[in-house]
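K.L.:
To start, I am sharing the structure in question, which I have written as structure tokens.
Numbering (the working numbering), first residue to last: 1097 to 1345.
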């Protein structure tokens, strides 16, 4: 997932700079190439950016392409002004077509990302389920899930507490929601609350302990990731129950 975030940052920069770079390269030939051909080349640049980034990157590329088309290829040159009606139409169409194709490319890329993250989630669940069902010591399962939760939810830290419940921290619930006090916390809008969050572990209906999650400020793990986290905690509960560990109150 971090790989996608890094690529998105690069794509935003490319959205701003790639159309400018291509326009500068084409500028010496502007008396020999039609503005329509220039616009088509810039649309290709927009598609390339959107296909490797997200909707914002594609939209920025479309806007940048229209701006630099105006600046370098319409008279008066190197001014943000257009005097010919045909050039105005071309610039507007460049912007609209660029926005449209960026939406399509971003949607295709988002579908690819969902498939990749789904495979990642499945692999995490499969690995932990196998480990929990083996004769591996429960403490090793706990340690593995701590690492998985840290990566999955983008945490600064994670620890496991055996036994009785103390205090009233925010809680990651079985349905993937987060409660703080008696209220549901909107993770998608606000991110995780700025405090430790408990994720309780049960095996065969019995409470065994809890993971204490220390969120990274601003982290907004999606619902799917939170549900996977709950399932990982259930695997720990199953391992502890199988091993006959002491139950919490």
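Glycine included, each C-beta is placed from N, C-alpha and C at the ideal position.
Which residue's Cα is closest to the Cα of residue 1303: 1253, 1337, 1326 and 1324?
P.N.:
For the purposes of this step, residue 1303 is taken as residue 207 along the chain shown, with counting starting at 1. It is 1337 whose Cα lies nearest to the Cα of residue 1303.
K.L.:
What residue does the alpha helix (DSSP H) around residue 1315 start on, and which one ends it?
P.N.:
As a working mapping, residue 1315 is identified with position 219 in the chain shown. No alpha helix (DSSP H) holds residue 1315; DSSP gives it neither H nor E.
K.L.:
Express the C-alpha separation of residue 1167 and residue 1187 in angstroms, rounding to a whole number.
P.N.:
As a first step, residue 1187 must be located in the chain shown, where it is residue number 91. As a first step, residue 1167 must be located in the chain shown, where it is residue number 71. The alpha-carbon atoms of residue 1187 and residue 1167 are separated by roughly 11 Å.
K.L.:
Ordered along the chain, which non-local residues of its own chain (more than five positions away) have a Cβ less than 6 Å from that of residue 1217?
P.N.:
One-based indexing of the chain shown puts residue 1217 at position 121. Hits under 6 Å: 1324.
K.L.:
State buried or exposed for residue 1328, treating a residue as buried only when at least 16 other CB atoms are found within 10 Å of its CB.
P.N.:
Position 232 of the chain shown, counted from the start, is the residue given in the question as residue 1328. Classification for residue 1328: buried.
K.L.:
Hey, would you say residue 1191 sits closer than 8 Å to residue 1227, going by beta carbons?
P.N.:
Your numbering for residue 1191 matches position 95 in the chain shown. Your numbering for residue 1227 matches position 131 in the chain shown. Not a contact, by the Cβ cut-off of 8 Å.
K.L.:
Output needed for residue 1276: all residues of its chain with C-beta closer than 7 Å, excluding positions within five of it in sequence on either side, in chain order.
P.N.:
In the chain shown, counting from the first residue as 1, residue 1276 sits at position 180. Same-chain partners within the cutoff: 1266 and 1289.
K.L.:
Roughly how many angstroms separate the alpha carbons of residue 1171 and residue 1105, rounded to a whole number?
P.N.:
Residue mapping note: residue 1171 aligns to position 75 of the chain shown, counting from 1. Residue mapping note: residue 1105 aligns to position 9 of the chain shown, counting from 1. Cα to Cα, the separation comes out at about 34 Å.
K.L.:
I'd like the list of long-range same chain contacts for residue 1343, defined as Cβ closer than 8 Å, with 5 residues on each side in sequence excluded.
P.N.:
Counting from 1 along the chain shown, the entry for residue 1343 is found at position 247. Caution applies to residue 1343, whose pLDDT of 48 falls short of 50 and renders its modelled position unreliable; the value that the coordinates give is listed next. Correct list, in chain order: 1302, 1303 and 1304.
K.L.:
By the DSSP assignment, the alpha helix (DSSP H) with residue 1243 in it spans what residues?
P.N.:
Position 147 of the chain shown holds residue 1243. That run of the alpha helix (DSSP H) goes 1234 to 1249.
K.L.:
To the nearest angstrom, how far is the alpha carbon of residue 1251 from that of residue 1321?
P.N.:
Indexing the chain shown from 1 puts residue 1251 at position 155. Indexing the chain shown from 1 puts residue 1321 at position 225. The straight-line gap from Cα to Cα measures roughly 12 Å.
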